[in-house]
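Asks: Take a look at the following structure, please.
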Ligand SMILES: Cc1ncc(COP(=O)(O)O)c(C=O)c1O
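Numbering (the working numbering), first residue to last: 71 to 490.
Here you go:
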């Protein structure tokens, strides 16, 4: 029989820039890391360059872990780069929300003692078995009776099982609504909780209000719904997982401070019967922990009017700048002469031949930006490199650790104090 070989669609981001800045120093060695402009000067990179700020990643984790009244699980899908995971670990993250066998293997390889939670509501049977028997995963999410029975069967009905019923939360003001695919209705969740309680040692309710949620009260509404569902089910619930969705700043978007989200969650939770029954809180942030910790440096290959052809695009790390219309903070890097002071709005074309490889922005840059210039795009630690494809052969990228400050601050996160 022909052997089925695994082939990764995308070259991993493991190609560091050459020379003395190549290796990972961990968070403690951050002061010796270079600035982005020094790396550009030394290497003149003509491939996209991912600039990781380990100290900023660790500081974001520290801010969130310090503020959240419960356990913090990092949503690995958001950015699975090992340097990123190590920095978050250094910032106090010990729990990981994984959604695939590859994510589970990666986290287990990096942190033998990490608590891994398999929070994808639809899983392959082999993935459930391997998570349970090979990697010590005990918690699984689900939103259907079929998935619940699948998990029970594939873990051989063994003791120690944790089952998390994913609930569709009330609508909220978010950039990404995540309720279209996963989540049980309140009525279905009631039945699932009752069944889960019969077979699991730990029972939880989880939800996701949507990514980049600008509304602290969205969490409060979802917590009240979860409480009502648990009451209707008439079973004890051990964990309430309020998911991800915590926002960061983008140009012209400043979210409410982290404390507004934490207060809304803590106040709403304190008023529930769940809390009175000893239930514990979890959160699964992705974007909020990693967005400010990574910038992407692209190079301009051509200018046509107010459109710049750059070497990364919507099939690479700038997926969110395409159809979702995200704008990222932009900074021109030009080494041989200064740029004009006037700023102008630009759009970008990515490197592939598809005319959909277009980013409207607008990205504000010096009006004379053109071929040969580099552009640092900030806030790209979340859903940047993790969404890259190999389309059209443009999958090469460089990786470097730097000590620059993030281009934007998000209220409530103490990131600048630790940066350069
Ligand atoms: C189950 C789950 N948890 C957490 C997250 C992280 O969300 P965010 O990056 O908005 O914090 C996601 C994102 O898709 C998710 O699907």
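Built from N, CA and C at the ideal position, the CB exists for glycine as well.
I'd like the list of long-range same chain contacts for residue 481, defined as Cβ closer than 6 Å, with 5 residues on each side in sequence excluded.
Replies: 327
Asks: Which word fits residue 148, buried or exposed, when buried means at least 16 other C-beta atoms lie within 10 angstroms of its C-beta?
Replies: buried
Asks: Could you tell me the distance, in whole angstroms, from the CA atom of residue 123 to the CA atom of residue 364?
Replies: 6 Å
Asks: Is residue 355 near ligand 1, judged by its Cβ being under 8 Å from some heavy atom?
Replies: Yes, Cβ of residue 355 sits closer than 8 Å to a heavy atom of ligand 1.
Asks: Please identify the residue among 331, 450, 438 and 434 whose C-alpha is closest to the C-alpha of residue 137.
Replies: Out of 331, 450, 438 and 434, 331 has the C-alpha closest to the C-alpha of residue 137.
Asks: State buried or exposed for residue 244, treating a residue as buried only when at least 16 other CB atoms are found within 10 Å of its CB.
Replies: buried
Asks: Can you say whether residue 472 is buried or exposed, counting buried as having 16 or more other CB atoms within 10 angstroms of its CB?
Replies: buried
Asks: According to the Cβ coordinates, are residue 274 and residue 233 closer than 9 Å?
Replies: yes
Asks: By Cβ distance below 6 Å, which residues in the same chain neighbour residue 77 in space, the five residues on each side in sequence not counted?
Replies: Because residue 77 carries a pLDDT of 45, less than 50, the predicted location of this residue cannot be relied on, and the following value inherits that uncertainty. For residue 77, where only same-chain residues beyond five positions count, there are no Cβ hits under 6 Å.
Asks: For residue 424, count neighbouring Cβ atoms within 10 angstroms of its own Cβ and tell me buried if that reaches 16, exposed if not.
Replies: exposed
Asks: Given 8 Å as the limit, is there contact between the segment 415-423 and the segment 330-348, that is, 3 or more CB pairs closer than that?
Replies: no
Asks: Which same chain residues, not among the five before or five after residue 484, have their C-beta less than 7 Å away from its C-beta?
Replies: 129 and 133
Asks: If contact is defined by three or more beta carbon pairs under 8 Å, each pair taking one atom from either stretch, is the segment 204-221 in contact with the segment 282-297?
Replies: no
Asks: Could you check if residue 470 is buried or exposed, using at least 16 other CB atoms within 10 Å of its CB as the buried criterion?
Replies: buried
Asks: Look at the alpha carbon of residue 322 and the alpha carbon of residue 229, and state the distance between them as a whole number of angstroms.
Replies: 50 Å
Asks: Taking just the CA atoms, how far does residue 435 sit from residue 463?
Replies: Their backbone Cα atoms lie some 28 Å apart in a straight line.
Asks: Looking at the strands, I want to know which residues DSSP matches up with residue 368.
Replies: Paired residue(s): 445.
Asks: Using 10 angstroms around the beta-carbon of residue 92, count the other beta-carbons present and answer buried if the total reaches 16, otherwise exposed.
Replies: Unreliable placement is indicated for residue 92, whose pLDDT of 46 sits below 50; the coordinate value is still reported in the next sentence. It is exposed - the Cβ of residue 92 has fewer than 16 other Cβ atoms within 10 Å.
Asks: Starting from the C-beta of residue 161, find all residues in its chain whose C-beta is less than 6 Å away, skip the five residues before and the five after it, and write them out in chain order.
Replies: 128, 131 and 132
Asks: Looking at the unbroken beta strand (DSSP E) that takes in residue 433, where does it start and where does it end?
Replies: 428-436
Asks: DSSP puts residue 168 in a beta bridge; with which residues?
Replies: Note: residue 168 sits in a beta bridge opposite 188.
Asks: Can you find a heavy atom of ligand 1 that lies under 8 Å from the Cβ of residue 230?
Replies: no
Asks: Would you call residue 150 buried or exposed, if buried means 16 or more other Cβ atoms sit within 10 Å of its Cβ?
Replies: buried
Asks: Is residue 261 helix, strand or coil by DSSP?
Replies: helix
Asks: Where do the ends of the beta strand (DSSP E) carrying residue 119 lie?
Replies: Where residue 119 is concerned, the enclosing beta strand (DSSP E) stretches over 119-122.
Asks: With a cut-off of 8 Å, do at least 3 Cβ pairs link the segment 183-194 to the segment 163-174?
Replies: yes
Asks: What are the complete beta strand (DSSP E) segments, minimum 3 residues, inside the segment 268-328?
Replies: 272-276 and 309-311
Asks: Nearest to residue 400 by alpha carbon, out of 374, 460 and 413?
Replies: Comparing Cα positions, the closest option is 413.
Asks: Any heavy atom of ligand 1 closer than 8 Å to the Cβ of residue 315?
Replies: yes
Asks: Can you name the start and end residues of the alpha helix (DSSP H) that residue 204 belongs to?
Replies: 195-205
Asks: Nearest to residue 255 by alpha carbon, out of 270, 235, 265 and 269?
Replies: 235
Asks: Report all residues from its chain with a CB closer than 7 Å to the CB of residue 456; omit the five preceding and five following residues, and keep chain order.
Replies: Taken in chain order, the residues that qualify are 147, 148, 149 and 150.
Asks: Return the CA-CA distance between residue 315 and residue 302, expressed in angstroms with no decimal places.
Replies: 27 Å
Asks: Compute the distance between the beta-carbons of residue 237 and residue 142, then report whether it is under 9 Å.
Replies: no
Asks: Does the Cβ of residue 71 have 16 or more other Cβ atoms within 10 Å, making it buried, or fewer, making it exposed?
Replies: Since pLDDT at residue 71 reaches only 42, below the 50 mark, its modelled position is unreliable, and the value read off the structure follows with that caveat. Classification for residue 71: exposed.
Asks: Between which two residues does the alpha helix (DSSP H) containing residue 107 stretch?
Replies: DSSP places residue 107 in the uninterrupted alpha helix (DSSP H) bounded by 106-113.
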